[in-house]
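Number 86 in full-length UniProt numbering belongs to position 86 of the sequence shown; there are no gaps in the numbering.
Note that CB positions come from ideal geometry on N, CA and C, so glycine has one too.
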Amino acid sequence: MEDDVLTTLKILIIGESGVGKSSLLLRFTDDTFDPELAATIGVDFKVKTISVDGNQAKLAIWDTAGQERFRTLTPSYYRGAQGVILVYDVTRRDTFTKLDNWLNELETYCTRNDLVKMLVGNKIDKVSLFVCACGRLPRHMEEGTLVR
1 MEDDVLTTLK ILIIGESGVG KSSLLLRFTD DTFDPELAAT IGVDFKVKTI SVDGNQAKLA
61 IWDTAGQERF RTLTPSYYRG AQGVILVYDV TRRDTFTKLD NWLNELETYC TRNDLVKMLV
121 GNKIDKVSLF VCACGRLPRH MEEGTLVR
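This is the structure we're talking about:
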């Protein structure tokens, strides 16, 4: 059925370590959730084919480790991406404030000007720990390039 696929889109999931990037990826691609999921080492990659208006589109979704020690992988990871999901943890305000750093990396390494960005506040099920009614968007996202 490869011939039926209209396009393949490269989507990145980025954010600080521990915000739930891998959990989002596994829930979307495999419909699974593991509360004991280990941290990503380097980069993980999954493919999911979806139907949009009767057309098949293949999503190549890249999940990166949020730790600083894996940043040497960054340039190749961003190259050619059409979309990015920026994830923060609503129970950790620092993960929201560090979104500007991730957006700076996008600006530095992304090779496309028409990159679609989506902001996801994760772990909303942890209501008792909720600290991030974060208010103001990171400066790069105020420019109207955010999917709402």
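Inter-residue Cα distance where the pair is A57 and L6: Within the sequence shown, the letter at position 57 stands for residue 57. Within the sequence shown, the letter at position 6 stands for residue 6. Their backbone Cα atoms lie some 6 Å apart in a straight line.
Neighbourhood of L12 by C-beta, 6 Å cutoff - its chain only, sequence neighbours within 5 removed: As a first step, residue 12 is located in the sequence shown; it is residue number 12 there, counting from the start. Answer for L12: W62, A81 and V84, listed in chain order.
For K12, the first and last residue of its enclosing beta strand (DSSP E): Counting from one through the sequence shown, the residue named residue 12 turns up at place 12. First, the amino acid is wrong: residue 12 is Leu here, not Lys. Segment V5 to I14, the beta strand (DSSP E) holding L12.
Element boundaries [beta strand (DSSP E), containing N113]: What you label residue 113 is simply residue 113 of the sequence shown in a count that begins at 1. No beta strand (DSSP E) contains N113, which DSSP labels as neither H nor E.
Beta-carbon proximity of G20 to D89, cut-off 8 Å: In the sequence shown, the residue the question calls residue 20 occupies position 20. In the sequence shown, the residue the question calls residue 89 occupies position 89. Going by C-beta atoms, G20 is nearer than 8 Å to D89.
CA-to-CA distance, S23 to Y78, given in whole angstroms: Here residue 78 refers to the residue found at position 78 when the sequence shown is read from its first residue. Here residue 23 refers to the residue found at position 23 when the sequence shown is read from its first residue. Spanning the two alpha carbons is a distance of roughly 20 Å.
Span separating the alpha-carbon of R92 from that of T8: For this step, residue 92 is matched to residue 92 along the sequence shown. For this step, residue 8 is matched to residue 8 along the sequence shown. Those two C-alpha atoms are separated by around 34 Å.
C-beta atoms of T95 and E16 nearer than 8 Å: Here residue 95 refers to the residue found at position 95 when the sequence shown is read from its first residue. Here residue 16 refers to the residue found at position 16 when the sequence shown is read from its first residue. Yes, the pair counts as a contact, with Cβ atoms nearer than the cut-off.
Cutoff 8 Å; reference D4; Cβ partners in own chain excluding five residues on either side: Residue 4 sits at position 4 when you count from the first residue of the sequence shown. Once the five neighbours on either side are set aside, the close Cβ partners of D4 are Q56.
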